[in-house]
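Q: Structure in structure tokens, see below.
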Amino acid sequence: MKKLAVLLLFLANLSLGQTSIMKWSGILNAGGRKVEMILNMLPDTNGTFKSSWDIPVQKVKALSSTKTEWKNSSLAIEIKWIAAGFKGELSEDGKKITGNWGQAGQQFPLVLEPFVEGKVIPVVEKPQTPKAPFSYESREFVYQGAKTKLTYGATLTYPKDGGKHPFIVLITGSGAQDRDETIFDHKPFAVLADFLTKNGFAVMRVDDRGVGKSNGVFQASTTGDFALDVEEHLNYAKQLPEVDSTKMGLLGHSEGGLIAPMVAARNMTVAFVILMAGPGVDIPELMAAQNEMVLKSVGVSTEAIQAYLPLYKGLMKTINEASSKSEALSKSTDLVQEWFTKTDKTIVKNTTNISSEADIKTFVNPFVESLSTKWWKYFISYRPAPALEKLQIPVLAMNGSADIQVPAESNLKGIQAALKKAGNKRLTLKKFDGLNHLFQKCKACTVAEYGELETTIDPEVLSYIKTWLENEKLSNFKAK
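Here it is in structure tokens:
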């Protein structure tokens, strides 16, 4: 879940028609943010059109489209400068354009309506977000890691009874996250901390490197570096009077579900682990499955997906094995060129937004840039199994059956196989029917829908965590 450049990724097919309205706006839900997109239509010669885009939050004004086609009820726009595009369909009353915005292989719904100056972006209420006053203590603080020497901004919540309490560190997923793991106005970690603290735990949630009150350079860090951060949090918490240092656990979501076993496998302080949508298969396999399910969720055909996946896998392998970025660019360009030549051009367009050979460079460059980062190089080479195979402590691994980012079936089986190899008899697996990657009951079950749902974490999930902790007799947990 990375920051938008002028947004994200590829787009699918929909359509549009003629109207006298020349300025439109809509809200794009992507990368955990709501971004207003303003489309300016400009009549050109011979009944054709030009267009440009304003993106106020990014201070972008009059970003020119390189191609604008408006035929009958269909609108198709390309913006090659950022490898993006929009396709949509005009409603019968001429007052709404329903379509998709996309860039570099993914797509996001975008509904445009006549522009209104000063229009307020609607916010879907998130009723689970905790609000003061709290029935427990909540303390914000900043501390310095003994080994990393980084400064971390954190919140500790704990019961008001004055005693020591079992302790949990919450570990965020991919991307630069704040301590609440805020996404689409949801605050999952604030909800988890609130629930767990009301049930007797001290809970620590921390801003990622370079976010909020934590320093460091997130972009120059790896999953392994984030594991070092978690160890700093554990070591710091041992000194706190509110924490029982013999009952310390980790709860990781998504990439945090990779980090938690990594830390627990080498740190005897950790007495239990909770994995929420944690990866259980090798990362290339996970990313291929994720791409397949995300494309399927936004309506890309099975035929197109199956034609695209070998290219995606090939690009991952090529870029990861390249000795330099220039080599990655050269070999990736050749790979895409060959695929473009052999593949149906409609499929090419619907999966990569490439219309002609001239677009290949526009597709390849950001793809290589993204997959050449220090974080990605580490991430793509990481295997979850070795760390999981070392765990002898109680483990709860949960996933939603409608998760399209970390598919439940394969990843839960991977976790199960690794812990079976470890001889761990204290593994509990739970697949929640109809829940997505954020553990929300979903309808469309797309990434864009996360922000449209009121629920942050389904209450059934919270209740299950509580029951598991009780059944595992947390009071008997002893760090080895």
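To convert, note that position 329 of the sequence shown is 328 in numbering that gives the first Met the number 0; the numbers rise steadily by one, no gaps. Heads up, the beta-carbon is just placed ideally off N, CA and C, and yes, glycines get one too.
Are the segment 411 to 422 and the segment 146 to 166 touching by the rule of at least three beta carbon pairs closer than 8 Å?
A: The answer is no - the segment 146 to 166 does not touch the segment 411 to 422, with fewer than three Cβ pairs under 8 Å.
Q: Near Asn198, what residues of its chain come up, given a Cβ to Cβ distance below 6 Å and the 5 sequence neighbours on each side ignored?
A: The residues are Lys465.
Q: For Asn470, which residues in the same chain have their Cβ closer than 8 Å to its Cβ, ignoring the five residues on either side in sequence?
A: Answer for Asn470: no residue qualifies.
Q: Please name the residue, chosen from Phe48, Ala61, Lys49, Lys186, that lies closest to Ile37 on a Cα-to-Cα basis.
A: Ranking Phe48, Ala61, Lys49, Lys186 by Cα distance to Ile37 puts Ala61 first.
Q: Taking 8 Å as the threshold (C-beta atoms), are Ser24 and Phe85 in contact?
A: Result no, Cβ atoms of Phe85 and Ser24 do not sit closer than 8 Å.
Q: Three or more C-beta pairs under 8 Å: does that hold for the segment 178 to 189 against the segment 236 to 244?
A: The answer is no - the segment 236 to 244 does not touch the segment 178 to 189, with fewer than three Cβ pairs under 8 Å.
Q: How would you label Thr445, buried or exposed, when you count the other beta carbons within 10 angstroms and need 16 or more for buried?
A: So Thr445 ends up on the buried side.
Q: Could you check what DSSP says for Arg425 in three-state terms: helix, strand or coil?
A: Arg425 falls in the coil class under three-state DSSP.
Q: Does Val5 pass the burial test, meaning 16 or more other C-beta atoms within 10 Å, or should it be called exposed?
A: Summary for Val5: the model assigns pLDDT 32, below 50, so the residue's position carries little reliability; its value from the coordinates is reported in the next sentence. By the neighbour-count rule (16 or more Cβ atoms within 10 Å), Val5 is buried.
Q: How many angstroms separate the CA atom of Glu68 from the CA atom of Ser51?
A: Cα to Cα, Glu68 sits roughly 13 Å from Ser51.
Q: For the putative contact between Phe271 and Ile392, defined by C-beta atoms under 8 Å, what is the C-beta separation to the nearest angstrom?
A: Right, the Cβ-Cβ distance comes to about 6 Å (below 8 Å), so this counts as a contact.
Q: So, are the CB atoms of Ser64 and Glu77 less than 8 Å apart?
A: Cβ atoms of Ser64 and Glu77: closer than 8 Å.
Q: Determine, using beta carbons only, whether Pro383 and Pro278 come nearer to each other than 8 Å.
A: Yes. Within cutoff.
Q: Below 8 Å on the Cβ atoms is my contact criterion, and I expect Ala236 with Met247 to pass it. Report the Cβ-Cβ distance as a whole number of Å.
A: Contact flag correct, Cβ pair sits at about 7 Å.
Q: Decide if the segment 163 to 179 is in contact with the segment 200 to 217; the criterion is three or more beta carbon pairs, one per stretch, under 8 Å apart.
A: Yes, the segment 163 to 179 touches the segment 200 to 217.
Q: What three-state label does DSSP hand Arg265 in the structure shown?
A: Three-state result, Arg265: helix.
Q: Quick one: using the 10 Å Cβ neighbour count with 16 as the cut-off for buried, is Lys348 buried or exposed?
A: Burial call: buried.
Q: What three-state label does DSSP hand Thr221 in the structure shown?
A: Three-state result, Thr221: coil.
Q: Using the Cα positions of Leu74 and Glu88, report the straight-line distance between them to the nearest angstrom.
A: Answer to the nearest angstrom: the Cα atoms are 6 Å apart.
Q: Within 10 Å of its beta-carbon, does Val363 have 16 or more other beta-carbons around it, so buried, or fewer, so exposed?
A: Buried, because 16 or more other Cβ atoms sit within 10 Å of the Cβ of Val363.
Q: The alpha helix (DSSP H) that contains Asn398, what's its start and end?
A: That residue, Asn398, is in no alpha helix (DSSP H); its beta strand (DSSP E) goes 394 to 399.
Q: Would you say Val202 and Leu169 are within 8 Å of each other, going by their C-beta atoms?
A: For Val202 and Leu169, yes; Cβs fall inside 8 Å.
Q: In whole angstroms, what separates the C-alpha of Gln305 from that of Met292?
A: For Gln305 and Met292, the distance between alpha carbons rounds to 11 Å.
Q: Spatial neighbours of Asn266 within its chain, please: CB distance less than 7 Å, with the 5 preceding and 5 following residues excluded, ordered by chain position.
A: Excluding positions up to five away in sequence, the list reads Glu230, Leu233.
Q: Looking at the structure shown, is Thr466 part of a helix, part of a strand, or coil, going by DSSP?
A: Looking at Thr466 - three-state DSSP - the assignment turns out to be helix.
Q: List the DSSP bridge partners of Met247.
A: Note: Met247 sits in a beta bridge opposite Phe166, Val269.
Q: For Gly117, is the classification buried or exposed, using 16 other Cβ atoms within 10 angstroms of its Cβ as the cut-off for buried?
A: By the neighbour-count rule (16 or more Cβ atoms within 10 Å), Gly117 is not buried but exposed.
Q: Provide the residue span of the beta strand (DSSP E) that contains Phe85, from first to last.
A: Residues 83 to 89.
Q: Please identify the residue among Gln127, Ala288, Arg204 whose C-alpha is closest to the C-alpha of Pro406.
A: Per the Cα distances, Ala288.
Q: Given a threshold of 16 other Cβ atoms within 10 Å of its Cβ, counted over all protein chains shown, does Trp338 qualify as buried or as exposed?
A: When all chains shown are included, Trp338 counts as buried.
Q: So what's Ala61 in DSSP terms, helix, strand or just coil?
A: The answer is strand: DSSP assigns Ala61 an E or B state.
Q: Check whether the Cβ atoms of Gly101 and Asn352 sit closer than 8 Å, and answer yes or no.
A: The answer is yes: Cβ separation under 8 Å.
Q: Can you check which of these residues, Met40, Leu27, Ser72, Lys66, is closest to Ile54 by C-alpha distance?
A: Minimum Cα distance to Ile54 is reached at Leu27.
Q: Hey, which unbroken runs of the beta strand (DSSP E) at 3 residues or more fall wholly within the segment 127 to 193?
A: For the segment 127 to 193, whole beta strand (DSSP E) runs of length 3 or above, ordered along the chain, are 136 to 143, 150 to 157, 164 to 170.
Q: According to DSSP, simplified to helix, strand and coil, what is Thr301?
A: Residue state, collapsed to three classes: helix.
Q: Distance, Cα to Cα, Ala131 vs Lys125?
A: The straight-line gap from Cα to Cα measures roughly 15 Å.
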